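Peer 1: I have a structure here, written as structure tokens, and I will follow up with some questions on it.
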Amino acid sequence: MKTITQKLTEIVSDAFEKCGYDKKLGTVFVSDRMDLCQFQCNGSFAAAKKYIKFSS
Numbered sequence: 209m210k211t212i213t214q215k216l217t218e219i220v221s222d223a224f225e226k227c228g229y230d231k232k233l234g235t236v237f238v239s240d241r242m243d244l245c246q247f248q249c250n251g252s253f254a255a256a257k258k259y260i261k262f263s264s
């Protein structure tokens, strides 16, 4: 049986890949800031920088 972070990583990684981004950037971890969220995907920031996707 997969852990919740493994399942979330699969989902997020597949979404990254469908958008044309590196699948490895979709790794999900348990958050170190539980006051903000339970899980996090730090690869989203790396993807924004790598693929130059910033919101204004």
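Residue numbers (the numbering used here): 209 to 264.
We treat Cβ as the ideally placed atom computed from N, Cα and C, and that holds for glycine.
Predicted, not measured: the structure shown is a model, and the values here were computed from it.
1. Cα-Cα, which of Q214, T211 and E218 is closest to D230?
2. Mapping DSSP to helix, strand and coil, what is V238?
3. If you reduce the DSSP assignment to three classes, tell me which class Q214 lands in.
4. How about F224 and L233: are their beta carbons less than 8 Å apart?
Peer 2: On the basis of the coordinates in this document:
1. E218
2. Per DSSP, reduced to three states, the secondary structure at V238 is strand.
3. Reduced to three states, the DSSP call for Q214 is helix.
4. yes
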